[in-house]
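Our numbering numbers the first residue of the sequence shown as 3 and each following residue consecutively.
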Amino acid sequence: MFTMPYNNVILTLLVICWLCSMGNSASIASKIPIQSHIIGGYKNSLTKKNDISKLDCSQFNNDYDVLQQFPFPVLLNPIRHLYNQSTATMDENNIFVKKIYINEEEVVPLSVFCLSKLDKLSIVMTPFENDIVPDALLNLKLLSAFWIYDSSILKIPEQLGTLNKLGTLIFDNCSLTHFPNLSKLENLWIIE
């Protein structure tokens, strides 16, 4: 029977804790990946504002970089969906963010529109800067579901009607007075 010396066990646990604190996914000897961790939460994030002229997606090497610049923490790859916390779910290869739920934050960061492979975007009780959904929404060409709940929106770009993959669109309690033309969205089947 193989036994690991006590010091090696402690060292292994310290390395795993360190990897988790660095925001990396780690594996334990049994090959069970640590599935979720917190990322982001930089209060002085440059991407906090919704000024489209300041959106430069080229500054990010990958989706992890985007999430790290959010001005609030995001639970990454939660084991189950948490409705009281902002979460993001990566694709099966842990390369791209597929789903993001922004819940009760100070502002929707403009950099969320740099997540070009995003499939589902849910925003709950979180305002956009100046209550305007920015034109950068066009970067989300693969978006199939877009939900906004209890968030004041005065304007949404007309280009929403060009997101051809969009199948679900829900704006609930959002004070939107003008809705863009969505007649070209052939996949759209739920709209509220």
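We put the CB at the ideal spot given by N, CA and C, even for glycine.
- Taking 3 residues as the shortest admissible run, the region 40-122 contains the following complete beta strand (DSSP E) segments, listed from N- to C-terminal end: 75-78, 89-92 and 99-105.
- Between the alpha carbons of ASN183 and GLU160 lies a gap of roughly 7 Å.
- Listed as beta-bridge partners of ASP174 by DSSP are TYR151.
- Counting other Cβ atoms within 10 Å of its Cβ, PHE74 reaches 16 or more and is therefore classed as buried.
- A check of alpha carbon separations from ILE155 across LEU168, ALA138, PHE148 and ASN132 identifies ASN132 as the nearest.
- Take THR170, set aside five residues on each side of it, and the residues of its chain with a beta-carbon closer than 6 Å to its own are ALA147 and ILE192, in chain order.
- With respect to TRP149, VAL126 sits close: the two C-beta atoms are nearer than 9 Å.
- Relative to the Cα of ASP65, the nearest Cα in the group ASP174, SER185, SER118 and THR164 belongs to SER118.
- Taking 9 Å as the cut-off, the Cβ atoms of VAL109 and PRO129 count as close.
- By DSSP's assignment, SER124 forms a beta bridge with TYR103 and TRP149.
- In this structure, LYS56 lies near LEU112, with their beta-carbon atoms less than 9 Å apart.
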